[in-house]
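I have placed the structure first, in the form of structure tokens, so that the comments after it can refer back to it.
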């Protein structure tokens, strides 16, 4: 029920197919998930998104699992159903345990609650919180 | 410019004051930030929120800094200005480096971008992402 | 710090001024709040918004205060700072007590928390909840 | 299509089962809806959420139906599909008439519209709306 | 899986049916999409929404396709799945090409990314951006 | 009141300064707005964001002003105050007339209203709207 066709390898043009192949190669799997097959309708956007994702999610000052859980937290707050599913799966693939998942959910729920209170109360920012 | 008064210690009733005192004691500081002074208008809500926060943010399967960064990610996606300020300050107090902050921002930006794309494309959830 | 000028009565055209006058007359006050002075830049939008608001917020199956609290709940969830301020003030003017305000905040906070959990868990809708 | 298993009574541990039993007892029904079966994966979160919900939604300065409609308004603004379904059903169970539902929808729609306008115009908060 | 019945022509009252007929007449099609059949439960809301939509979406200083793409952008940011589907279809019906759709998606993704960054950084508004 | 320092040219490192210089050169102005000075704390993110923005916002199948209005619509729906200000100013600089601004606001308001209704009614997507 997408708003664009999910392109198969055969339907994708050469430029898009090269990215789909790169996704398979780097992830060491035959499976390319629907998000990329939807983006394949616009090869330039597909490439830009995939390349930027590699850069952003690589290990650095934060480890890949921490980044994946942050990604999932943002996806939840944005109410993106597809993203919640795909990044929950990705976090599990990167080693998220049930206990870590449970704590992640508890933090997301807590933050959503206090966010709503701070907004409803229009709490002015404390001077000491400014840079 | 709050929608309720930010209660001083003197204005707060005994029940609220006990919580404000607990905040000072556990955080080992004299300063109580505005969020709690706004909540002090409803001592029951103040107590429930503070107690739950202690439980949720304690070290467990995730360390306190990881939780704080997740909290900040949710606050950003929810567009809560006060929360972004207070949890950026909290994350720094818990040791977030500039490099970690930079990576956190990059993940939040990446997630917001792909969230919007997944929504606009209405990408159907891959069967393998379901529990 | 608006993105358009807040028009004074003198700056507003005849069509907009007629609406501003109607606001004063129906509310029995000399004061017209900034929202309407911003909308006055587009008299047709000003009139359509003001007229529809009168219809929607009139007493009916729900009383005006109940409607005002629902309005405030939506404004909070949408993160609209101006709306939170103006509808908190409006609810108070319609008789919202401190106890009612406190309970409203607690419901908003509770809903925000379980909303986040339902989204993060992607809970499938129970058959019995469908119309 | 949840991101966690919806636990049956048999799969739930003793701690979670006690909460599921309490839900059945207090609601005087055999049916436990999916939200609670998803939360059952984390008994502590399940208990905290269910207990807090009882406190928040009890009759007080606002009656239970008014609270349920406020809950539904927040769920709509947050775009939580599950929550919209479950709280529409809950409001009906608490006596919401078709006429009340219609007015609730009209207020939610009106608020969403003026929220967007206030944000797009960046209307500054009137001094008299501040506490 | 709606929260209200989608009324058929037979189930709709005379007032609602008149609007459904007007939709068919103006759109020169026999098909009335689900949104209007859901709204038909409240004839007054149905009429107000349909009439306002005609006014707002008519050609003016912006052409109808430009308006439709703006509508789709808002629907995406609001995470409204139904709206994303219906307004993608509407934009195509008004002549949106694949290339235009691709650019629209790229702008929406870019905006979502920088929106998140501006919020996370709490960037103060430049004086020259104020009206 | 940002969460990071807004770097002056002197404070910015060589890599960030090169981007700030590029912004000035391409925009033919001495002024660099606060968003870029905040991003300058992370030169890699600054460069990636600026470069992608150039690509996305260039004339193509949609003209630059149409893109800018779409950007503003997304920023409004996301509730990003800074973005609403900066992109309203940018749209005006690209030729947006008062009449176009008024129609843009009316479309954003209309979409926000019907988005809320579609969500509250959980309208199922019509088969003919699927790709």
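Chains as they are written, first to last, in the working numbering: chain A, 996 to 1126; chain B, 996 to 1126; chain C, 996 to 1126; chain D, 996 to 1126; chain E, 996 to 1126; chain F, 996 to 1126.
Here a beta-carbon is modelled for each residue, glycine too, at the ideal position from N, C-alpha and C.
Note that the structure is predicted; figures quoted are calculated from it, not measured.
Where the alpha helix (DSSP H) containing residue 1056 of chain D begins and where it ends: Per DSSP, residue 1056 of chain D belongs to no alpha helix (DSSP H) and is neither H nor E.
By alpha-carbon positions, which one of A:1119, A:1063, A:1116 and A:1000 ends up nearest to residue 1090 of chain A? A:1063
What residues in the segment 1047 to 1065 of chain B have a beta carbon less than 7 Å from any beta carbon of chain A? Residues of the segment 1047 to 1065 of chain B with a Cβ closer than 7 Å to any Cβ of chain A, in chain order: 1047, 1048, 1051, 1055, 1056, 1057, 1061, 1062, 1064 and 1065.
For residue 1048 of chain D versus residue 1040 of chain D, is the C-beta distance shorter than 9 Å? no
Interface partners of residue 1080 of chain E on chain B, CB under 9 Å: 1117
Look at the alpha carbon of residue 998 of chain E and the alpha carbon of residue 1116 of chain F, and state the distance between them as a whole number of angstroms. 5 Å
In whole angstroms, what is the alpha-carbon distance linking residue 1015 of chain F and residue 1004 of chain F? Spanning the two alpha carbons is a distance of roughly 8 Å.
Those runs of the alpha helix (DSSP H) which lie wholly inside the segment 1014 to 1074 of chain B and span at least 4 residues: 1029 to 1034, 1038 to 1052 and 1059 to 1072
Report the three-state DSSP secondary structure of residue 1076 of chain E (helix, strand or coil). helix
Counting only the same chain and skipping the five closest in sequence on each side, list residues whose C-beta sits under 6 Å from that of residue 1045 of chain F. 1014
6 Å CB neighbourhood of residue 1001 of chain D in its chain, flanking five on each side removed: 1029, 1032 and 1033
Cutoff 7 Å; reference residue 1088 of chain D; Cβ partners in own chain excluding five residues on either side: Taken in chain order, the list of residues that qualify is empty.
Interfacial residues, the segment 1027 to 1042 of chain B to chain C, with Cβ spacing under 9 Å: Listed by position along the chain: 1034, 1036, 1037, 1039 and 1040.
Quick check on DSSP: helix, strand or coil for residue 1112 of chain D? helix
Cα separation between residue 1077 of chain C and residue 1067 of chain C? 11 Å
Rounded to whole angstroms, how far is the Cβ of residue 1107 of chain B from the Cβ of residue 1107 of chain E, which I believe are closer than 8 Å? 4 Å
Return helix, strand or coil for residue 1123 of chain E, following the three-state DSSP convention. helix
By DSSP, does residue 1093 of chain B sit in helix, in strand, or in coil? helix
So with CB distances below 9 Å, who are the chain E contacts of residue 1083 of chain D? 998 and 999
Sub-9 Å separation of residue 1006 of chain D and residue 1038 of chain D beta-carbons: no
Any idea what DSSP makes of residue 1006 of chain D, helix, strand or coil? coil
So, is the C-beta of residue 1071 of chain E closer than 9 Å to a C-beta in chain D? no
Test item: CB-CB of residue 1109 of chain B and residue 1104 of chain E under 9 Å: Yes.
Is residue 1102 of chain B helix, strand or coil when you go by DSSP? The three-state reading of DSSP puts residue 1102 of chain B in helix, counting H, G and I together.
Am I right that residue 1073 of chain B and residue 1072 of chain A are in contact with their C-beta atoms under 8 Å? What's the rounded C-beta distance? 5 Å
Alpha-carbon to alpha-carbon, residue 1018 of chain C and residue 1061 of chain B: 51 Å
Contacts of residue 1088 of chain E in chain B (Cβ-Cβ under 9 Å): By Cβ distance, chain B contributes nothing, its closest Cβ being about 17 Å from residue 1088 of chain E, past 9 Å.
What distance in whole Å lies between the Cβ atoms of residue 1093 of chain B and residue 1057 of chain A, which are believed to be in contact at a cut-off of 8 Å? About 12 Å separates the two Cβ atoms, so there is no contact after all.
Between which residues of its own chain and residue 1079 of chain C is the CB-CB distance below 8 Å, once the five residues before and five after are set aside? 1067, 1070 and 1071
Please list, in chain order, the chain C residues whose beta carbon lies closer than 8 Å to that of residue 1074 of chain F. 1073, 1074 and 1075
Beta carbon proximity, residue 1129 of chain E to chain A, threshold 9 Å: The first residue shown for chain E is 996 and the last is 1126, placing residue 1129 of chain E beyond what the model contains.
So, for residue 1036 of chain B: in the same chain, excluding its five sequence neighbours on each side, which residues have a beta-carbon less than 6 Å away from its beta-carbon? 999
Grab me the residues of residue 1012 of chain D's own chain with a C-beta within less than 7 Å of its C-beta, minus the 5 sequence neighbours each way, in chain order. 1004
Return helix, strand or coil for residue 1011 of chain E, following the three-state DSSP convention. Correct three-state label for residue 1011 of chain E: helix.
Residue 1054 of chain D versus C:1118, C:1095 and C:1111, residue with shortest Cα-Cα distance: Residue nearest to residue 1054 of chain D within the set C:1118, C:1095 and C:1111 is C:1095 (criterion: CA-CA distance).
Using a Cβ-Cβ distance cut-off of 9 Å, determine whether residue 1126 of chain A contacts chain H. In the displayed structure, chain H is absent; the protein chains listed are A, B, C, D, E and F.
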